[in-house]
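First the structure, in the form of structure tokens, and then the observations on it.
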Amino acid sequence: MRRLLLMVPLLLSGCASVQKLAAEVFTPPRLHFVDAKVAAVDLDGTTVILDFTLENPNQLALRVARATSHLEVEKAKVADGELPGGLTLPARGTAPFAVTVRLRWSEVARFAEQVRRQTEVAYRVDGVIAVDTPIGPIDLPYKHDGRLPVPRLPSLRLAGGSVSMSSLTDLELTLVLDAENPNGFPLPGATLHFDLLVNDVTVATGREAALSPLKAGGGARVTLPVRVSLLGVGRAASSLHGGGLLRLKGAVRAAGLERPVDLTVDLGRR
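So this is what it looks like as structure tokens:
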């Protein structure tokens with residue numbers, strides 16, 4: 089290895105014979121995969137960090153020039169990335185190196201559809217870590233396959249309701265919803281869009297309600313007042329005084345994602 093150190097000035101002169109000799113005494117650096125971890129998951133996206141160890145068996149320090157990454161989700165290409173180099177590999181030593189990949193859910197084709205039917209998605213990250221050496225740049229390839237949890241919109245349960253007269257022509261319906269966050273991270277506020285049916289008759293359409301942010305794994309009770317006119321749906325609405333089947337149908341929306349909602353409660357069985 090001492091011969092290699094003495095030959096560095098000659099290598100810079102581009103002498104082919106000297107480069108060949110250097111290649112015979114130079115040992116390429118080695119790349120060892122350590123682990124992969126999901127550093128963050130939210131409704132915007134997720135961050136994956138791949139940890140490696142770079143081993144330099146030579147008596148000459150080396151330098152990482154750059155690193156590239158290619159991300160696939162469910163076998164579809166999502167993003168390419170490049171990281172700057174600059175890390176020094178000590179002579180006869182090792183150094184940690186991390187490849188960080190950020191995935192935005194909006195970049196995943198059909199993701200909104202996948203949210204409805206999958207709890208995880210498959211991903212693959214591959215690329216190279218390029219190292220500058222006396223015999224020229226060396227690309228160390230890597231590849232990792234894993235699965236990512238899919239964020240879930242809040243789940244809702246129609247816990248009950250009540251009805252009262254607000255005027256001679258209007259009824260005031262009060263809906264009680266239980267909202268739960270099934271994720272291990274906080275959820276921002278979401279929006280509930282819904283129609284309201286009484287005994288299968290639509291009494292309110294195009295309604296919208298704001299849902300408060302939820303802590304990780306937490307829940308909250310939400311009260312929604314809905315005013316219904318007796319003039320348009322008199323018989324269906326007035327039947328609620330003696331009980332009836334109340335149905336809320338629509339969707340929860342947040343951060344470009346949507347989850348259908350179809351909830352029913354029998355007011356006669358409260």
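This note's numbering applies: residue 89 is where the sequence shown begins, and numbers increase by one. All C-beta atoms, glycine included, are put in the ideal place defined by N, C-alpha and C. Predicted model, so just to flag it, every value in this text is computed and none were measured.
| Check | Outcome |
| --- | --- |
| First and last residue of the uninterrupted beta strand (DSSP E) at K337 | 333 to 342 |
| Burial state of T221, where buried means 16 or more other Cβ atoms lie within 10 Å | buried |
| Residue environment, F282, which counts as buried when at least 16 other CB atoms sit within 10 Å | buried |
| S194, buried or exposed, once every other Cβ within 10 Å from all chains shown has been counted against 16 | exposed |
| For S243, three-class secondary structure by DSSP | strand |
| Nearest neighbour of V216, chosen from S317, H158, A304, A308 [CA to CA] | H158 |
| Residues that A210 bridges to, as DSSP identifies them | R235 |
| Which listed residue (A278, G338, D168, P313) has its alpha carbon closest to that of E268 | A278 |
| Where V180 sits in the DSSP three-state scheme | According to the sequence shown, residue 180 is Arg rather than Val. In the structure shown, R180 sits in coil (DSSP, three-state: anything other than H, G, I, E or B). |
| Of the residues L241, V349, G224, T352, the one placed nearest L302, counting alpha carbons only | L241 |
| Pick from L191, N144, V340, D227 that is closest to D130, judged by C-alpha positions | L191 |
| Identity of the residues DSSP links to A128 by a beta bridge | T135 |
| Alpha-carbon spacing of A339 relative to E296, whole angstroms | 10 Å |
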